[in-house]
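So in the numbering used here, spot 166 of the sequence shown is number 191, and the numbers just go up one at a time.
For every residue, glycine included, the Cβ atom is placed at its ideal position computed from N, Cα and C.
Every value quoted in this text rests on a predicted model; they were computed, and no experiment measured them.
Comments concern the structure below.
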Amino acid sequence: MVRAEPVMGTVVTVDIRDEGVPDAAVDGAIAWFHEVDATFSTYRAESEISRISRGELGRSDCSAEVHEVLGLCAEVTRRSGGCFDIHLGGGLDPSGLVKGWSVQRAAEMLQGSGARNFFIGAGGDVVTRGRPAGEQRWRVGIRHPELGDRVAAVLEAGDLAVATSGAYERGEHIVDPRTGRAPVGLLSMTVAGPSLTYADAFATAAFVMGEEGLAWVAGIDGYHALAITADRRMVWTPGMEMLLLRATSPPG
């Protein structure tokens with residue numbers, strides 16, 4: 026069962042390989058993504074996040090989901106030494122965590138409905154569970170940051186979360202909170218680990234850090250990183266080698 030849905034400024038793909046998973050489970054996951062978009066989109070004037078940014082809604086009056094996301098963002102801000110910041114420009118933008126969080130939650134919903142072997146992807150954010158068929162493992166391509174029709178690397182795993190930060194998706198623009206300017210050291214940063222909620226935010230923070238972000242991610246238990254530098258080198262943490270099936274040299 027495969028479904029693709031345009032939502033959250035990207036296309037969400039759900040690919041379930043199990044027999045007997047009800048269509049309603051996928052319908053529920055798709056509905057969840059639309060709910061997240063309505064709640065967290067900075068492009069929707071009526072979203073909770075937009076209303077908070079305008080001062081029309083107090084944080085104490087927000088939904089449980091917004092409270093959860095803002096708490097997670099504060100945690101990553103603290104852990105990254107401020108390299109992850111949702112308060113840039115005087116507004117509120119948790120986009121660097123929300124997409125990964127929403128895909129992680131959708132994966133948990135599908136597992137609760139009996140799915141054991143599936144893939145969910147939203148742009149550069151992916152959760153895999155089980156196997157696509159037989160003894161195969163899921164293969165996750167990391168899109169080339171400059172050549173959108175090319176894959177820079179391929180990861181292979183069973184249960185995994187993968188997030189990539191860079192200028193891939195509509196409206197995605199990362200700013201270094203320390204300088205107020207766009208980071209210049211990397212073209213992309215990919216983080217893999219057990220939770221897409223954290224992998225997404227860690228990828229954003231590590232992208233801001235530049236190559237130093239590799240060591241920072243390597244110091245977080247269970248997480249690994251791969252970066253493409255501004256001078257088009259591909260570098261990764263030792264743990265990523267276990268997942269890396271193939272890497273190609275970015276053109277100079």
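Tell me whether the beta-carbon of residue i lies closer than 8 Å to the beta-carbon of residue j.
i, j, result
"Pro-157", "Arg-258", "no"
"Gln-129", "Arg-154", "no"
"Val-260", "Ala-224", "no"
"Leu-122", "Val-101", "yes"
"Thr-222", "Leu-97", "yes"
"Ala-131", "Ala-29", "no"
"Ser-213", "Ile-253", "yes"
"Ala-230", "Ser-105", "yes"
"Thr-215", "Leu-268", "no"
Please list the terminal residues of the continuous beta strand (DSSP E) segment that includes residue i.
i, result
"Leu-172", "First-last for Leu-172: undefined, no H or E at that position."
"His-249", "249-254"
"Gly-218", "211-218"
"Val-27", "27-32"
Beta-carbon within less than 7 Å of residue i's beta-carbon, same chain only, minus the 5 sequence neighbours each way: which residues are those?
i, result
"Pro-208", "Ile-199, Asp-201, Phe-232, Val-233 and Gly-235"
"Ala-147", "Met-33, Thr-35, Val-37, Lys-124 and Val-128"
"Gly-196", "Note that Gly-196 scores a pLDDT of 44, beneath 50, so its modelled location is shaky; the value from the coordinates is reported in the next line. Hits under 7 Å: Gly-34."
For residue i, report the span of its alpha helix (DSSP H) as first-last.
i, result
"Glu-266", "Careful: Glu-266 lies outside any alpha helix (DSSP H) and carries neither H nor E."
"Thr-222", "221-234"
Since residue i contacts residue j with CB under 8 Å, what's their CB separation in whole angstroms?
i, j, result
"Gly-149", "Arg-162", "Not quite, the Cβ-Cβ distance comes to about 19 Å (not below 8 Å), so this is no contact."
"Val-151", "Arg-164", "The Cβ separation is near 10 Å, so there is no contact."
List the residues that DSSP assigns as beta-bridge partners of residue i.
i, result
"Thr-102", "For Thr-102, which the question treats as bridged, DSSP gives no partner whatsoever."
"Trp-241", "In the DSSP output, where bridge partners are listed per residue, Trp-241 has none listed."
"Ile-145", "Val-39 and Val-152"
"Asp-48", "Answer is none; Asp-48 lacks a bridge partner."
Given residue i, which residues of its chain have a CB within under 8 Å of its CB, disregarding the five upstream and five downstream residues?
i, result
"Arg-84", "Ile-77, Val-91, His-92 and Leu-95"
"Met-134", "Ala-50, Gly-53, Ala-54 and Trp-57"
"Cys-87", "Glu-73, Ile-77 and Leu-95"
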